[in-house]
Structure formats: C-alpha cells, structure tokens
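So the sequence shown is numbered by the working numbering: it starts at 543 and just counts up by one. Just so it is clear, CB atoms sit at the ideal spot from N, CA and C, and this is done for glycine as well. These numbers were taken from a predicted model, which means no experiment stands behind them. Please read the structure below before turning to the comments.
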Amino acid sequence: MRRWNGWGSEATSMSIPGNGEDFLVERVGPASPLPDVALADVLQQVPDSRLPAHPLISTDPEARVRHARGQSLPDWLAMRSGEFGRFPDGVAYPETSDQVRELMDFCLEQDIVLIPYGGGTSVAGHINPPEVDKPVLTVDMGRMNRLLELDTESQIATFGAGTPGPLVESQLRAKGYTLGHFPQSFELSTLGGWVASRSSGQQSLRYGRIEQLFAGGRVETPVGRMDIPTFPASSAGPDVREMILGSEGRMGILTEVKVRVSPLAEQENFYVIFFPSWEQARTAARQLVQGRVPLSMLRLSNAVETETQLALAGHEKLIRLLEAYLARRGADQGKCMMTLGVTGTKLQTKAVLAQARAITKAQGGINTGTLLGKKWAANRFRMPYLREALWQLGYVVDTLETATDWDNVDHLANLIENNLRTTLSPLGEAVHVFTHLSHFYSQGCSIYTTYVFRAGATYSETLEWWKQLKYSTSSLIVNNRGTISHQHGVGKDHAPYLPAEKGGLGIRAIRALCREFDPKGLMNPQTLLSDD
Ligand SMILES: Cc1cc2nc3c(=O)[nH]c(=O)nc-3n(C[C@H](O)[C@H](O)[C@H](O)COP(=O)(O)OP(=O)(O)OC[C@H]3O[C@@H](n4cnc5c(N)ncnc54)[C@H](O)[C@@H]3O)c2cc1C
C-alpha cells in the first residue's frame, strides 16, 4: 500500500549505513526526529464535505487525506505533523473521458473547484487545495491507466492519461517498445502529470523531454473537448500541444495522451568515470554534449555530491579500495563522478563509447567500467526512499533545480550552494549542500542541488528554516539567469517567481489562455499563476 504521509510503498524502505550517519553528524550535527502524527488523528480533523452527492465522487475522509498534499518539503511537514490546513471535499476516480466530462460539467454547474491529480508527486504544491471558499474536488486519474492503441508504423502509443511510469513501460515492453521517460518519480508519476508539468526523464538525452515525446491527445476543458492531432512536425502557427504542455491543470484535464515511442534498444550500459577536478569534469560534459555524442544519459556530480554518494553507498571496504585506486590515478580530494549511459544497437554503442572515452580521457577521466553504473541503474527509482530514512534520523532533505546557459553554470551553481550553505548560519545551523548537473543541452544544462539540514525543535521552526532557504534561493535563481524550474514545474511554490522570467506581457498572455479554456476560473486556481 502507498504511504499516506511520505514517499512510495510501505513495503519498500532504504537505510542509511552507519558511516553515512556519522558523515551527516560531522557536517550538520546530531539530530533528533520530530514526532509523527497517526493517520487516525488526522482523520478526526477532516471536516464535513461541502460537495453535493454525485455517484462518481467519494467523500471518504481517508481518500481526502491521501489527496491533500504532494511531495514538497512543506507537504511532507504537513503530513508528518498533521497540520494539513485544507483537504479536498471529495475525490473522483473517473475511468473514461466521458466520466471526466460529466465531472467537469457537474463542477461548472455547482461552482466547484477542480484539481486534476496524476500521481500526486508534485514537489511544488501543484495539487494542494487552494485558499478559496468554494468546495474542492480532486480528480484522480489513476484508473485511466491503459495502453489504448499502439501504431507501430508511426511509433505512436495512446495511453490513458493516468498511467504511471511502471505501467507505461510494462505495457510497451510487452510489445517491444519503450517510451524512455524516466523521471526519478517514475514509480508514481503519470503521463498526464508529466505533460501538464513539463517533466524531464533521466534519459532525456536519447529520448527527449516530455515536450518531444508528447504527440497529441484528448483534453476535456471547461468549454469543451479538444482533440490534438498528431503531426511529425508543423509550421501551422502556434502549437496547441505547447499550450497544454505545462498547463498544470489550469486549462483542462488530459484524458488520453499520445506519445512517440521507440523500439527497445539492443544494449544499454551505464559507466561511471571519475575526474580529478570539477573544471575537467565540466569541460568533458560540455564537450560530450556539444560534440553531439549520442549518449542516452549524462550526470555529473560535484565534489561534495561525489563524496556524499560514496559515504551513503554502504560497502565501506569496497569504497575505500576504490578511493585508494582513484587517488593513485590522480583523482583524490575534489574528485567528481560522472555517470553516462550508452544505449542502442551493438554497433552504435561501440562507436559512442569510443567517442565518449576519447573526450573524457583527454580531461583526465578514469573509467571504472559498468559496476557502479549497474548499481546506479538498480537503485535509480529507490533514491526517494532515502528521505524517509533521513527523516527517521532527524534530518530533512530537499532539492532545488534550475537550468542556465553554459557561460553561467558555475556562477549560478556557486550562488545557489553558498546561499543554502550560509542562510541558517546566523541561527547556528549548518546545511549540507551538494549539486549535480544533468539534462545536458548544447546551450547549457540543468543544475540540481540537494540540501540536508536537521529538523528544528518544532515543525513550525523547521518550516520557517525551509522558507528562508527556499525563498532566498529562488529569488537568486531568477535574478541570475536561471529558470525557476527545469523539470519540477511551477505549482504554487514557484508561482511568485514566474513573472521574473515570463515578463508582464507573458504572464498576461498565459492568464488570457487559461481564461479562454476556463472562464469561471475553477481549474486548479493559484497553481502556475499566483494572484488569482
Ligand atoms: C522523489 C521525486 C523525484 C522527482 N523526480 C523528477 C524528475 O526526475 N523529473 C521530473 O520532471 N520531475 C520529477 N519530480 C516531480 C514530479 O514527479 C513531476 O512534476 C511529475 O511530472 C508529476 O507527475 P504526477 O503524475 O505525479 O502529477 P501530479 O503531481 O499529480 O500533478 C502535477 C500537475 O499536473 C496536473 N495534472 C496531473 N495530471 C493531469 C491530467 N491528466 N490533466 C491535466 N493536468 C494534470 C496537476 O493538476 C498538477 O498541476 C520528482 C518528484 C519527486 C517527489
């Protein structure tokens, strides 16, 4: 069963090895966990529903609790403390586009706010009930989870929009295909959510971001049904697909999603390469992508992330041996770890690997082969479970991400890290901060920073610390040529920072578009645009 107050399945957990805990104590100090509230206590707080009865709507308190929050840090703190604030008044689980239409018409008639809900993995407050006086209905798309059609000639698959990652892949794999979209939230996030929040998967280098994968589909909007046809490309004016990409539930509910799929690759391997310095590692990454070497995945950890990952990996003895070997080859203090993916036919992968080896070797890269890469691949979707393990020890973890051009990558990454590292210093609190670059483009890349601090004495103190860290760093990002989000979307948490990158006219145009689809303003208010 899915955890009601954290990430993933109750049956899965990860632990922090003993030396990993020591590592954290050294960096941020000893911690003690805050007490977790019991589900039964939260259920007592759920107020009566304000929704009129409808056969497709459940007002069961537990369903309402389970759909009240996503996975941002404030969401996490709300779920663990029991201080939810707001709950949706009901949850519906439609099975067809017609049922979605029926629910939407009901909401329009009754003046009910409607929140489309995919996997609820938002880390930016997308699906939390807004601060409005109207009743709120959450529409969980999870029952629309099937592969509806596969056109093998055009390689286009049509899915129910609520299909989560594992069901997308298993249904395609059974027919010899893959979508190749692997966000770290793969286990729970859905196709509709990916499109609506412009998601990016770990292998976007080969398969593209969701923008490249999304070919068309069906959207039920408050003013009617819209079918978006598929074209390989078109110069017929602005692209309606692009209006729906990133619409974050403000314009309608995607019920069917058509995606561009690929035949399963003959071979796939992940290699781990260490570099003596950040400068060499970053240069190699830029050269790989600007040289158009067709890798399927590339990720570059800075020195602190490399050190942290090795400390939390367990297998102390093996890691010590590895580090001694790397030190002998010149990668000691300050070493940086690169993981790269090579996917394709045997012939293709051989050529790609040779190209990648030449570029990385010229920058002092030491290739350790596929062993660590296999570990990475085996655990790639388990990492979110670490949050629970850290929480149980009294540590809080969150991430921030952006993207910027190459000329600004180091500058912005340093600003972000320094700000996170020092913001709580006046309070005597240390924050452990580390970064990786991923999702590489010839123009630039994304910067993904993780920060760990210990929980405060109370929930409100912990939330206050988070606000200081998040708000100041978000301002820094948009004031220094970074986008407020490369892949997590806008939601409610990033909405105040959107005008800095869209400009006044841009925001008015987005607002006008939302109004065109949703004149009554009932679709997911306060998400994407903050001042409704
Ligand atoms: C541990 C973790 C790791 C993550 N890793 C990544 C990552 O690697 N890459 C990445 O891109 N993101 C990542 N995310 C963020 C998140 O998973 C993505 O934003 C994802 O696209 C959300 O999908 P979802 O189905 O969970 O949508 P939800 O969270 O349910 O909703 C997100 C938004 O989409 C709207 N929406 C959902 N379904 C529909 C629909 N059918 N029609 C219209 N609107 C809809 C919602 O109203 C909401 O505004 C991560 C999150 C977590 C918690």
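Contact annotation: the region 806 to 824 touches the region 883 to 890, with at least three C-beta pairs closer than 8 Å.
Shown here for P1041: same chain residues with a beta carbon closer than 7 Å to its own, the five before and five after excluded, namely I1049 in chain order. Here the distance from the Cβ of M646 to the nearest heavy atom of ligand 1 is not below 6 Å. Annotation: S984 is outside any beta strand (DSSP E) and is labelled neither H nor E by DSSP. At least one heavy atom of ligand 1 falls within 6 Å of the beta-carbon of H1030. Contact between the region 926 to 942 and the region 835 to 846 is absent: fewer than three C-beta pairs spanning the two stretches fall below 8 Å.
M925 is classed as exposed because its beta carbon has fewer than 16 other beta carbons within 10 Å across all chains shown.
The beta-bridge partner set that DSSP reports for G702 consists of E798. Cβ-Cβ separation between T763 and L733: approximately 18 Å, too far for a contact (criterion under 8 Å).
Around the beta carbon of P774, a 10 Å sphere encloses fewer than 16 other beta carbons of the protein chains shown; the residue is thus reported as exposed. The residues V939, T941 and F976, in chain order, have a CB closer than 7 Å to that of T992 in the same chain once the five nearest residues on each side in sequence are set aside. For the region 798 to 837, the full-length beta strand (DSSP E) segments reaching 3 residues or more read 809 to 817 along the chain.
Distances from the CB of G876 to the heavy atoms of ligand 1 are all 6 Å or more.
For I654, the three-state secondary structure derived from DSSP is coil. The C-beta separation of V678 from A634 comes to about 12 Å, leaving the pair out of contact by the 8 Å criterion.
Rounded to the nearest angstrom, the gap between the Cα atoms of K1062 and L650 is 8 Å.
Taking all protein chains in view, the Cβ of Y937 is crowded by 16 or more other Cβ atoms within 10 Å, so the residue is classified as buried.
Residue pairing by DSSP places R748 opposite no residue, since no beta bridge is assigned to it. In chain order, L942, V973, V975, T991, Y993, L1011 and T1015 place their CB closer than 8 Å to the CB of L962, counting only its own chain and leaving out the 5 sequence neighbours on each side.
Under a 10 Å Cβ-count criterion, E552 is classified as exposed, with fewer than 16 other Cβ atoms of the shown protein chains found around its own Cβ.
Residue burial annotation: M543 is exposed, with fewer than 16 other C-beta atoms found within 10 angstroms of its C-beta. A straight line joining the alpha-carbon of E604 with that of V799 spans about 29 Å. Non-local beta-carbon contacts of V765 in its own chain, meaning distances under 8 Å to residues more than five positions away in sequence, involve E1058, F1059, D1060 and P1061 in chain order. With respect to the 7 Å criterion, S984 and Q832 are classified as neighbours on the basis of their beta carbons. Per DSSP, reduced to three states, the secondary structure at D693 is strand. The residue among W1008, Q586 and M785 with its C-alpha nearest the C-alpha of I1052 is M785.
Counting the other Cβ atoms within 10 Å of the Cβ of R834 gives fewer than 16, which makes it exposed. Shortest gap from the CB of I654 to any heavy atom of ligand 1: 6 Å or more. Inclusion of E790 in the 6 Å shell around ligand 1 follows from its C-beta lying nearer than that to a non-hydrogen atom of the ligand. By the neighbour-count criterion, in which a residue is buried when 16 or more other Cβ atoms sit within 10 angstroms of its Cβ, H978 is buried. When distances are taken from the beta-carbon of S1072 to the heavy atoms of ligand 1, even the shortest one reaches 6 Å or more. I815 and N909 do touch by the CB rule: their CB atoms are close to 5 Å apart, below 8 Å. For the 7 Å CB-CB criterion, G1024 and T912 do not form a contact. Between the alpha carbons of A898 and Y749 lies a gap of roughly 18 Å.
Counting every other CB atom within 10 Å of its CB across the protein chains shown gives Q754 a total below 16, marking it as exposed. The three-state reading of DSSP puts A1042 in helix, counting H, G and I together.
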